Each structure stands twice: as structure tokens, then as C-alpha cells.
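S.K.: Questions regarding the structure given below will be posed in turn.
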Amino acid sequence: MMNYKQKLLLPACAAFLLYGCNSEDNSTNADKTVEDSKPVQGTQTEVDPQAQAEVKDTAGKTLGTVNFSAEENSVLIEAALEGLEPGYHGFHIHENAACEADAKEGPFTTAGGHFNPTDEKHSHHAGDMLPLFAKEDGTAKYTATLDNMTVEQLKQEELSVIVHANPDNFANIPDHYETDGEKGPNEDTLKTGDAGDRQACGIVVSTDK
Ligand SMILES: [Cu+2]
């Protein structure tokens, strides 16, 4: 298992992988990120995720990578993305390994619904994750630890990661809201969290050689 210091360094290294190792992107901002995230005492801890997803937008541009690492009884999820609209974005694991920007029903719709092997309502789906927050400059750094999914599922179930246009309401619609006489969250909200269009997608792949 990872020691304490390695855990601390992981987010910095995720950013390093995105900005530092990709020699095509050498903007001032990227340089600053590398400078800020220098490992202490010259140690070079490598991120060692068991699964990852390269997230691309509807134009096929890579926005960054989402890494999944096993922790004790949970999954550490780390992402460094750019090119997003500032603000909160719904962020989920979806049930199909398909990221078709030109899908008939709309971009990335072939990724299907949220990964939900136990047939739960939204906010209890295995694929429900904390929202992604993009800063004014469109970058997002993300670290979360969840136990509603496992690394084995992420490696084996042929899944994808979706970044939505809107925030996820986690179906938290109090009963004083009604739609067509129905109090609280309606069926659609219980499926999707009303997170809206699918703006970016990445197929989850195992990093096993
Ligand atoms: Cu989603």
C-alpha cells in the first residue's frame, strides 16, 4: 500500500503527468503548474493507477486524464483536466465503454446511463462521483475517495467517464418542488441528476500490461 507521503504527492504528480510529460503543451500556465508541483526532496513518486481514462471533448481534443487507484476498501480518483466551462460539472462513470461524439442521440449518448449494477436510484449509483469543479481558467483538479465502486469493476466492466455540462443535483429535489403533480425528484432526475449534455468522455481502461 501507499505510504502517507506518496498519497500526498499523488495529486501533484497527476498534474505533472498531464502538463509536464506532454511536451506539446508548454504554455506559461503549464510551466507554472510543474514548478508548483515539484516533489519535495527530489523524490519522484510515480502515479500508479490500476485504471485510467483519457477524457476527450466532442471535437476529439484531449482534456486530460482520470486515474483510478485502489485504496483500502475504496478507490482513489484523481483527475487533471482543462478546457472546461468554469463551474460545477456532473461527473460519472457510465455503463458502456463507448465515447462517440457523433452518436445519433447526441454526443456520447452511446456511453449509456450511469454505471448501476445494483439498480439503485441516482446518488446511489456505483458510477456516481463527486462533481468536478472547473476554475475560471477552465482547469479542474480533482481528488476523491469513493467506495461505491471497485477498481476491479473499473478494470473489467467496460465503462466510461462522462463530464456533463451542468452540475449534478444528486436527485436532491425536496418535496416542495413538483413536476406534473409529482413531488420531489422525477424519474429523469433519479436517473441523471439533471446534469445535462455530455461534454467530454473517456473510456476506462486497465493499466495492466
Ligand atoms: Cu453522467
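The numbering of the sequence shown is the working numbering, which starts it at 10 and goes up by one. Where is the CB? At the ideal position from N, CA and C, for every residue including glycine. This structure is a prediction, so every number in the text was calculated from the model and none was measured.
(1) From G193 to E167, what distance separates their C-alpha atoms?
(2) In terms of residue numbering, what span does the beta strand (DSSP E) encompassing L85 cover?
(3) For H123 and G136, which I take to be in contact (beta-carbon distance under 8 Å), what is that distance rounded to the nearest angstrom?
(4) Suppose you measure from the CA of M158 to the CA of G190; what does that come to, to the nearest Å?
(5) Who pairs with F117 in a beta bridge, going by DSSP?
(6) Considering E63, what are the terminal residues of the beta strand (DSSP E) in which it resides?
(7) Using only the alpha-carbon positions, how far apart do M201 and E161 sit?
(8) In chain order, what residues of the same chain have a beta carbon less than 6 Å from the beta carbon of T118, not counting five sequence neighbours either side?
(9) Tell me F77's beta-bridge partners as DSSP assigns them.
M.R.: Checking against the coordinates, here is how it stands:
(1) Within the sequence shown, residue 193 is the residue found at index 184, counting from 1. Within the sequence shown, residue 167 is the residue found at index 158, counting from 1. Roughly 33 Å separates the two Cα atoms.
(2) As a working mapping, residue 85 is identified with position 76 in the sequence shown. Start and end: S83 to L90.
(3) Residue 123 sits at position 114 when you count from the first residue of the sequence shown. Residue 136 sits at position 127 when you count from the first residue of the sequence shown. Yes, they are in contact, since the Cβ atoms of H123 and G136 sit about 4 Å apart, within 8 Å.
(4) In the sequence shown, counting from the first residue as 1, residue 158 sits at position 149. In the sequence shown, counting from the first residue as 1, residue 190 sits at position 181. Going by the C-alpha atoms only, they are around 35 Å apart.
(5) In the sequence shown, the residue the question calls residue 117 occupies position 108. Its beta-bridge partners do not exist; DSSP assigns none.
(6) Position 54 of the sequence shown, counted from the start, is the residue given in the question as residue 63. E63 -> beta strand (DSSP E) spans A60 to D66.
(7) Locating residue 201 in the sequence shown gives position 192, where the first residue counts as 1. Locating residue 161 in the sequence shown gives position 152, where the first residue counts as 1. For the record, residue 201 in the displayed sequence is Thr; it is not Met. Roughly 24 Å between the two C-alpha positions.
(8) In the sequence shown, the residue the question calls residue 118 occupies position 109. Taken in chain order, the residues that qualify are A112.
(9) Here the question's residue 77 lines up with position 68 in the sequence shown. Looking at the DSSP assignment, F77 forms a beta bridge with A60 and I86.
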